[in-house]
Structures are given as structure tokens and as C-alpha cells.
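Asker: In this note's numbering, the protein residues as written are 507 to 720.
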């Protein structure tokens, strides 16, 4: 994630090795690469401004932070001046991920821009997080207070984030723990609702404590 540049609007699908980025006034942190995120088997370098199907999601990143926070390698980069004094040219790095649309949320926290507990509030309902860190209580609360459709939405979202974190090799253990916890809670809550009528009990989920420091 990087906030000192503007991603250009490309009106027609083109093949790119590099991209020119306009620098925002007053910016001090500049990217070294742009990730072109796509799902497997898609055309990973066809770019336009409208976000048509098959077009990758472009995310500027800084190499130093990226290497500290993930295990995904990057090619060498030597950013150069663009066509104006307020632009730079950086390489595009095509990268296939399970769910590109959820990568910005993941990187917001994995790059250390927001604290872990703020991520948890994106992954589970507030009343469920109110039971944190008692995972069994979280499962019970979610199974009792939320319908099957709501729980399914959280199951899908958390699964997407989990797969993305594995694909990128996120190194921040509290982030990984929180995603794993949220995924397990949602899945167990779904199981609890399905088993409720049969009288079966959902196996207990061990509590997972997460360091909430930034």
C-alpha cells in the first residue's frame, strides 16, 4: 500500500512492463514497484480504468516494507524520472492471488498501517468480537445472534483473506493469528447452526490470543 502516488487511468487494454506514476504534492514515500494482482488463468497484464473482468488490480508498494512484511520476492527496481518532474517510472510485477479484491484490506494491516484489532473488526461482527479472546464464546455468540446467510458471508471473506495471506507469505504472526481465529470462529459458528437441530455439540475451539500492539 502506498499513498504518495496516483495510479494512471488507462483507457484501453495494453501490455505493460513498467508504469508511470504521478507523485502527489508533499509526498515523501514513493513506491519501488506496482503489483498487478489477478486470479489464476486470467490475462494478468491487461489494464484499463474501468476494472473490467480480467484486468488486474494495481497496487503500488515499497520494496523495503514489502521485504520486511512478506516472503514474496520482488525483482530489482531502479525507479526513474517520468515524462515530467512529478512522475516516476517503476516496474510492474504480475502476481496471481486467490482473491485480488481483498488484497488492499489485507495489506493495510499486514504492512503495519493499522493495528491488528482493527482488522478483527473487519472480519467478525462487533458483538462477536466483544467475546474476544474466548473463541468458544465467540462461536456461540455468532451462531446464536447471526443468521446462516450472514455467517456464510464472513466464512467466505475470511477464507479469501486466509488464502491471500498464505499466497503472499505474510510474516506478521499476530495478523496471521487473527485471520486464522476469525476464519475458525466463522466456520465453527456455521457448523453450530447446522448441528443445532440434531442436538450434536460443536467441538470446542481453543482460544487464540493475539498481540494487539501495532
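The beta carbon of each residue, even a glycine, is placed where N, CA and C say it ideally should be.
Could you have a look at residue 554 and say whether DSSP puts it in helix, strand or coil?
Answerer: Translated into positions along the chain shown, residue 554 becomes position 48. Here residue 554 scores only 44 on pLDDT, less than 50, and its place in the model should not be relied on; the value that follows carries that caveat. Correct three-state label for residue 554: coil.
Asker: Please tell me whether residue 593 and residue 564 are closer than 7 angstroms, where the distance is taken between their beta carbons.
Answerer: Against the chain shown, residue 593 aligns to sequence position 87. Against the chain shown, residue 564 aligns to sequence position 58. Cβ atoms of residue 593 and residue 564: not closer than 7 angstroms.
Asker: Residue 669 to residue 510, Cα distance in whole Å?
Answerer: Position 163 of the chain shown, counting from 1, holds the residue named residue 669. Position 4 of the chain shown, counting from 1, holds the residue named residue 510. Distance between the alpha carbons of residue 669 and residue 510 is about 28 angstroms.
Asker: Could you have a look at residue 563 and say whether DSSP puts it in helix, strand or coil?
Answerer: Start at 1 with the first residue of the chain shown, and residue 563 comes out as number 57. Correct three-state label for residue 563: strand.
Asker: Grab the span of the beta strand (DSSP E) containing residue 599 for me, first residue to last.
Answerer: Here residue 599 refers to the residue found at position 93 when the chain shown is read from its first residue. First-last of the beta strand (DSSP E) with residue 599: 593-602.
Asker: Going straight from the alpha carbon of residue 524 to that of residue 581, what length do you get?
Answerer: Position 18 of the chain shown holds residue 524. Position 75 of the chain shown holds residue 581. Going by the C-alpha atoms only, they are around 12 angstroms apart.
Asker: My output table needs one value for residue 586: the three-state DSSP class, helix, strand or coil.
Answerer: The count along the chain shown starts at 1 and reaches residue 586 at position 80. Looking at residue 586 - three-state DSSP - the assignment turns out to be strand.
Asker: Taking DSSP's pairing of strands, which residues face residue 622 in a bridge?
Answerer: If you number the chain shown from 1, residue 622 lands on position 116. Note: residue 622 sits in no beta bridge, so no partner.
Asker: Suppose contacts are defined by Cβ-Cβ distances below 7 angstroms. Is residue 699 in contact with residue 626 by that definition?
Answerer: Here residue 699 corresponds to residue number 193 of the chain shown, with the count starting at 1. Here residue 626 corresponds to residue number 120 of the chain shown, with the count starting at 1. Contact: no.
Asker: Between residue 696 and residue 658, which are expected to be in contact by the criterion C-beta below 8 angstroms, what is the C-beta distance as a whole number of angstroms?
Answerer: Taking the chain shown and counting its residues from 1, the one referred to as residue 696 is at position 190. Taking the chain shown and counting its residues from 1, the one referred to as residue 658 is at position 152. Sure, about 7 angstroms apart at Cβ, within 8 angstroms.
Asker: Quick check on DSSP: helix, strand or coil for residue 571?
Answerer: One-based indexing of the chain shown puts residue 571 at position 65. Reduced to three states, the DSSP call for residue 571 is helix.
Asker: Would you check if the region 596-614 and the region 568-588 touch, i.e. whether three or more CB-CB distances between them fall below 8 angstroms?
Answerer: Yes, since at least three Cβ pairs between the region 568-588 and the region 596-614 fall closer than 8 angstroms, the two stretches touch.
Asker: Can the beta-carbon of residue 629 be found less than 7 angstroms from the beta-carbon of residue 664?
Answerer: Position 123 of the chain shown, counted from the start, is the residue given in the question as residue 629. Position 158 of the chain shown, counted from the start, is the residue given in the question as residue 664. Cβ distance < 7 angstroms, so residue 629 and residue 664 count as in contact.
Asker: Between residue 612 and residue 568, how many whole angstroms is the CB-CB distance? I'm expecting something under 8 angstroms.
Answerer: Taking the first residue of the chain shown as position 1, residue 612 is located at position 106. Taking the first residue of the chain shown as position 1, residue 568 is located at position 62. The Cβ separation is near 16 angstroms, so there is no contact.
Asker: Is there at least one non-hydrogen atom of the ligand HEM closer than 6 angstroms to the beta-carbon of residue 624?
Answerer: Inclusion of the ligand HEM in the displayed structure is not the case, the ligand content being empty and no account of it being possible.
Asker: What residue does the alpha helix (DSSP H) around residue 539 start on, and which one ends it?
Answerer: As a working note, residue 539 is residue 33 in the chain shown. First-last for residue 539: 539-544, but that is the beta strand (DSSP E), not the alpha helix (DSSP H).
Asker: Roughly how many angstroms separate the alpha carbons of residue 527 and residue 609, rounded to a whole number?
Answerer: Indexing the chain shown from 1 puts residue 527 at position 21. Indexing the chain shown from 1 puts residue 609 at position 103. Answer to the nearest angstrom: the Cα atoms are 20 angstroms apart.
Asker: Given that a residue counts as buried once 16 or more other Cβ atoms are within 10 Å of its Cβ, and exposed if not, what is residue 691?
Answerer: Against the chain shown, residue 691 aligns to sequence position 185. Per the 10 Å Cβ criterion, buried.
Asker: With 16 other CB atoms within 10 Å as the buried threshold, where does residue 601 fall?
Answerer: Taking the chain shown and counting its residues from 1, one reaches residue 601 at position 95. By the 10 Å Cβ count, residue 601 comes out buried.
Asker: So, helix, strand or coil for residue 655, using DSSP?
Answerer: Here residue 655 refers to the residue found at position 149 of the chain shown. In the structure shown, residue 655 sits in a helix (DSSP, three-state: H, G or I).
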